[in-house]
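Asker: Each residue of the sequence shown is one higher than the last, beginning at 115 in our numbering.
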Amino acid sequence: MGDSHERDGSVRMRGSSLVFLAAFPVLGCYIAWAQTPLVSPWDEHAPALSDVAYACPARPPLGYAPTFDRGARLATLATQVTDAADAYRESGSRAAAKCAIGTLTAAAANNVMGESNGPKTLYFVESETLNAAAIAYLKIWPSGLVTPEQAKAVGPWLEMVARRQKAFFDTLVKRSPKLPSGHDHRLFLGGYAVMSAGIAADDRGLYEWGVSAFHEGANAIDKNGMMLWERCSAGNTAKCHLEAAASLVMMAEYGAYNGDGLFEYKHGALHLLVKSAAGGLTDPDKFRVFSDGEAQHLPNRMQAWEIGWAEPYQRRFPDAAIAGLLKDCPSHRFIGWGGAPAD
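1. By how many angstroms is the C-alpha of residue 379 removed from the C-alpha of residue 242?
2. Is it buried or exposed for residue 245, if we count other Cβ within 10 angstroms and need 16 for buried?
3. So, using beta-carbon positions, are residue 358 and residue 446 closer together than 8 Å?
4. Give the range of the alpha helix (DSSP H) segment to which residue 310 is assigned.
5. Ignore the nearest five residues each way along the sequence and tell me which others in residue 272's own chain have a CB closer than 6 Å to its CB.
6. Quick check on the burial criterion: 16 or more other C-beta atoms within 10 angstroms. Buried or exposed for residue 381?
7. Any contact of the segment 254–268 with the segment 279–286, i.e. 3+ C-beta pairs under 8 Å?
8. According to DSSP, is residue 326 part of a helix, a strand, or is it coil?
9. To which residues does DSSP link residue 453 through a beta bridge?
10. Out of 324, 317 and 188, point me to the one whose CA is closest to residue 306's CA.
11. What are the boundary residues of the alpha helix (DSSP H) that includes residue 218?
12. Is the CB-CB distance between residue 330 and residue 301 below 8 Å?
13. Quick one: any contact between the segment 161–175 and the segment 385–401, if contact means 3 or more CB pairs under 8 Å?
14. Just checking my contact of residue 206 with residue 239 at CB under 8 Å: how many whole Å lie between their CB atoms?
15. Going by other Cβ atoms of all chains shown within 10 Å of its Cβ, with 16 needed for buried, is residue 430 buried or exposed?
16. In this structure, does DSSP put residue 274 in helix, strand or coil?
17. Can you tell which of 426, 341, 340 and 157 has its C-alpha closest to the C-alpha of residue 366?
18. If you scan the segment 337–393 from start to end, which runs of the alpha helix (DSSP H) of 4 or more residues do you find wholly inside it?
19. Using beta-carbon positions only, say whether residue 497 and residue 411 come within less than 8 Å of one another.
20. What does a CB cutoff of less than 6 Å around residue 276 pick up in its chain, not counting 5 residues either side in sequence?
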C-alpha cells in the first residue's frame, strides 16, 4: 500500500502518485521524471455547492456479524453512498456530499470488506460494493468537503479492499484456469472496481491490474462481437454480454482519461462487443444461436443496467441505434455501474 500524502485543493489526497522514476543530467541540470496522477471523469468539473437539503439515512450495521446477511448489508451500503454522491452531483448539495463521505468513513472505520470467510459469491457482491464506494468517493472529491482525516481513512480502505479483490481473482484463475468465473463478466466487474479504487487511491499498480483485466476481456471478443467465456446458462448469455460490455466500456473510459487507448486496443475489439451487446436488446436471436438454441431472458422494458453504461460511449462514438436505446430508457442510473454515468 502506497504512503498517503496531502495535496492541496483540486487534487485528491491519495496514495503515492508523484514517484520519481529517474533523474538525468541535461546541460548541467537534473530533470526528474514523475508519474502523472491518475484522474477520473468527475475531476474535470464539479457542481457549485448549494444548501439543498438531503436526508441522510441511518447508516446500516457495517460489520460482518454472522447474524446479518452480509450481501444485503453491502448492497445497502452501495446504495446509500451512490444515492448521496449522485444527489451532490445533481444539485451541489453540501448535505449530500457530507452524507456520502460520512458513510464511507464509517465503512472504513469498521473495516467493511476487510476480511471474509464467506463463499466466493460474496466476492462478486463486494466487487459491486467496492465499485460503488470508490466511484462515490471520486464523485464527491471535487466538492472540497472531504477532510484530510476522512481522506486518510477512506483512501487506504479502498486500496485494501481492492487488493483483496485482485488477490481473489488472481487465485481463482490460477486454481481453475478453465473456470468461466475466472475470466468472464465477473472478472471484468472486478477489474472495473479495482480500477475505480486505484484511481481513488492513486495506486498505479491497482489501475494497471484493471487494465490487464480489460485486455483479457478484449482478447476474448471474436470478429462477431461475441465472447468466448460468455455462454451463460439459464438463458443469460445476452445478459452476460451486456454486463461485460458495461464494465469494459467504463474501464476504457478511465483509460481515455489517463492516456491509455483501451477503446483502440486489439483494433477496437470493444466496439464489436458494444454493437453486439446493444443489438441483442432488440434482437437477442444471435445470442440464442450462440447459446445452442437456448431462449434468452431479458426484461420486457428497457432497464438502466442494460443500457445506462452506453451513455459515455455514445458521447465519444455516436451511434443511431444506441441513441434510440438510450432514449427508450428513462433512467440511466444503476448502482452496479456506480450510479449515474459520468457528467
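Every residue, glycine too, gets a C-beta built ideally from N, C-alpha and C.
Answerer: So, from the listed chains and residues:
1. Taking the sequence shown and counting its residues from 1, the one referred to as residue 242 is at position 128. Taking the sequence shown and counting its residues from 1, the one referred to as residue 379 is at position 265. Computed Cα separation, rounded: 25 Å.
2. As a position in the sequence shown, residue 245 is number 131, starting the count at 1. The residue is buried, with at least 16 neighbouring Cβ atoms inside 10 Å.
3. Numbered from 1 along the sequence shown, position 244 holds the residue referred to as residue 358. Numbered from 1 along the sequence shown, position 332 holds the residue referred to as residue 446. Cβ distance not < 8 Å, so residue 358 and residue 446 don't count as in contact.
4. The count along the sequence shown starts at 1 and reaches residue 310 at position 196. Run containing residue 310: 299–315, per the alpha helix (DSSP H) assignment.
5. Locating residue 272 in the sequence shown gives position 158, counting from the first residue. Cβ neighbours of residue 272 beyond the five flanking positions: 248, 311, 314 and 315.
6. For the purposes of this step, residue 381 is identified with residue 267 of the sequence shown, where counting begins at 1. Residue 381 is exposed by the Cβ-count criterion.
7. no
8. Here residue 326 refers to the residue found at position 212 of the sequence shown. Residue 326 falls in the helix class under three-state DSSP.
9. Start at 1 with the first residue of the sequence shown, and residue 453 comes out as number 339. Answer is 448.
10. Start at 1 with the first residue of the sequence shown, and residue 306 comes out as number 192. Selected option, being the one with the closest Cα: 324.
11. Working through the sequence shown from its first residue, we reach residue 218 at position 104. Residue 218 -> alpha helix (DSSP H) spans 208–223.
12. By 1-based counting over the sequence shown, the position of residue 330 is 216. By 1-based counting over the sequence shown, the position of residue 301 is 187. Yes, they are a contact pair.
13. no
14. The residue you call residue 206 lines up with position 92 of the sequence shown. The residue you call residue 239 lines up with position 125 of the sequence shown. 31 Å between Cβ atoms; not a contact.
15. Working through the sequence shown from its first residue, we reach residue 430 at position 316. Classification for residue 430: exposed.
16. Here residue 274 corresponds to residue number 160 of the sequence shown, with the count starting at 1. If DSSP states are grouped into helix, strand and coil, residue 274 belongs with the helices.
17. Position 252 of the sequence shown holds residue 366. Closest by alpha carbon: 426.
18. 351–371 and 379–393
19. Any answer about residue 497 is impossible in this case: the structure gives the chain only from 115 up to 457.
20. Here residue 276 corresponds to residue number 162 of the sequence shown, with the count starting at 1. 308, 311 and 320, listed in sequence order.
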